[in-house]
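Written below as structure tokens is the structure these notes are about.
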Amino acid sequence: MDEQLEQSLSKVLTHVYPEAGRYDDKDEYCSILCVDQGVSYTKAKTNCTLDNFLDKARNDFGHATLFSPHVNKNIDKTNFMVSPIVMAQVTKFECGGLAISISTSHPAMDGFSVFQFIFEWEKVCRMGTSVDKINFLSFNMGDIFPTRDISEIFKSTPIPVIQQDIVVKKIVIREPVMSRLRKKCIDESDGALIFQPSRVEIITALLWRAFIRATTIINGYLRPSLLDFPMNMCSKITFLPQVKNSFGNFMIGVPVKFIPGETKMELHHFIILIRNAVHKIVASCKKTDEIVSTLVNSYNESFRSPEWGGNDEVDKVMCTSICKFPVHDSDFGLGKPNLMFFGMKDTQMFWLHDIGPEIGVQVDLKESCMQLFDLDDDIKDLIFNYT
């Protein structure tokens with residue numbers, strides 16, 4: 103199986119060859135040198151069985167971080183530009199089971215590109231696809247968005263660094279619970295919700311509100327909060343159908359702002375806030391130049407502004423949805439995964455993903471925040487209904 107994994111990865115990289123390159127640290131445009139430096143590929147062994155690990159992970163989901171690519175632990179802003187764009191690690195359990203971990207450089211690849219890469223890798227590994235049959239992403243972003251100097255248009259406001267360790271937990275929301283939540287939101291809105299909220303909108307609103315309640319207890323008062331809601335633009339930009347399967351990073355972070363006294367704490371207010379913010383971003387992207395200016399504005403006026411992203415008095419969290427990506431169907435030839443783990447360094451965030459008809463939520467928060475987050479009535483209700 104080891105050789106099969108390596109050979110199939112090598113085949114896939116012949117198609118998405120920029121993943122095997124490195125950033126040109128002398129180029130102000132942050133281009134990639136494609137001279138086959140290769141990805142980082144680590145083989146490891148662990149002295150436990152897969153079943154033993156899964157038992158431990160049920161009690162402490164953070165155990166999964168032990169299998170993230172070892173090389174990734176040493177990357178910071180000082181060596182980011184000379185580090186591999188893709189790092190993979192395959193860890194073998196005593197029983198023969200495997201943990202397959204992938205870490206990628208976000209400026210080069212968004213979530214869509216990463217998952218398309220993983221899906222193709224597992225398919226080639228399982229089916230033995232020949233190199234000439236691999237064709238799953240296009241390289242046309244450079245034609246649509248020509249290279250430009252962005253050094254003067256993005257603000258460089260220092261962003262506060264998280265000083266505490268991030269702890270991780272997992273929640274699974276069953277379909278009956280989801281239906282009950284939707285009905286409750288609509289009933290309690292008293293007509294304010296004039297649309298049918300999606301599962302992602304409801305869960306994101308509920309998690310964000312619980313986060314705000316937890317930070318309120320920590321700080322002793324209700325503070326502003328900034329939600330970073332990454333959005334894949336490939337499916338949103340109808341005037342550019344050719345980007346549907348494009349390789350690269352075509353993501354815009356949607357800034358959603360909670361202002362005490364302006365936004366009420368009922369759940370439907372959070373749902374409306376999220377939907378309006380998403381619609382505002384999409385509506386501002388009618389031309390390619392508008393997409394670039396929208397991206398710049400979202401960073402300069404929100405994520406990098408001294409009033410919001412650079413403000414220690416604002417509580418920040420990210421929520422990303424990879425629902426509709428069939429991540430739990432991945433099969434390298436050993437069957438579907440027993441456990442999926444996602445992660446970003448030093449970032450408080452929520453990950454939403456499909457598990458059949460259910461929705462899985464991975465919660466990454468500072469330990470002090472997680473303790474209070476767990477005690478929130480909405481979160482206890484979700485956990486109670488799962489267990």
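First residue of the sequence shown: 103, per the numbering used here; consecutive thereafter. Virtual Cβ for every residue (Gly too), placed ideally from N, Cα, C.
Start and end residues, beta strand (DSSP E) containing residue i
i: residue 273; result: 268-275
i: residue 354; result: 353-360
i: residue 454; result: 451-457
i: residue 190; result: 188-194
Three-state class that DSSP yields for residue i in the structure shown
i: residue 421; result: strand
i: residue 119; result: helix
i: residue 235; result: helix
i: residue 109; result: helix
i: residue 208; result: coil
i: residue 253; result: coil
i: residue 482; result: helix
i: residue 493; result: Because the chain spans 103 through 489 in this model, residue 493 falls outside it and cannot be assessed.
i: residue 488; result: With a pLDDT of 45 at residue 488, under the threshold of 50, the modelled position of that residue is not reliable, and the figure given next carries that caveat. In the structure shown, residue 488 sits in a helix (DSSP, three-state: H, G or I).
i: residue 284; result: helix
i: residue 171; result: coil
i: residue 213; result: helix
i: residue 154; result: helix
i: residue 324; result: coil
Nearest residue (CA-CA) to residue i, options the options
i: residue 239; options: 121, 443 and 339; result: 121
i: residue 385; options: 341, 420, 368 and 425; result: 341
i: residue 220; options: 428, 319 and 369; result: 428
i: residue 137; options: 361, 272 and 186; result: 186
i: residue 202; options: 232, 422 and 166; result: 166
i: residue 233; options: 243, 241 and 222; result: 222
i: residue 74; options: 308, 285 and 368; result: This structure does not reach residue 74, given that the chain is present from 103 up to 489, and the question cannot be answered.
i: residue 420; options: 383, 452 and 171; result: 452
i: residue 144; options: 170, 163, 425 and 397; result: 170
i: residue 368; options: 484, 184, 295 and 398; result: 295
i: residue 442; options: 464, 319 and 141; result: 464
CB-CB length for residue i against residue j, believed under 8 Å
i: residue 193; j: residue 146; result: 4 Å
i: residue 401; j: residue 247; result: Actually they do not touch by this definition, with Cβ atoms about 16 Å apart.
i: residue 217; j: residue 349; result: That pair is no contact at about 12 Å.
i: residue 370; j: residue 291; result: 4 Å
i: residue 277; j: residue 373; result: About 19 Å separates the two Cβ atoms, so there is no contact after all.
Opening and closing residue of the alpha helix (DSSP H) in which residue i lies
i: residue 398; result: 390-400
i: residue 463; result: No alpha helix (DSSP H) holds residue 463; the beta strand (DSSP E) holding it covers 460-468.
i: residue 427; result: Careful: residue 427 lies outside any alpha helix (DSSP H) and carries neither H nor E.
Checklist entry - Is it true that the segment 223-232 meets the segment 206-214, where meeting means three or more beta-carbon pairs spaced less than 8 Å apart? => result no
Checklist entry - On the three-pair Cβ rule with 8 Å, is the segment 323-336 touching the segment 304-314? => result yes
Checklist entry - Hey, is the segment 448-461 in contact with the segment 345-361, meaning 3+ C-beta pairs nearer than 8 Å? => result no
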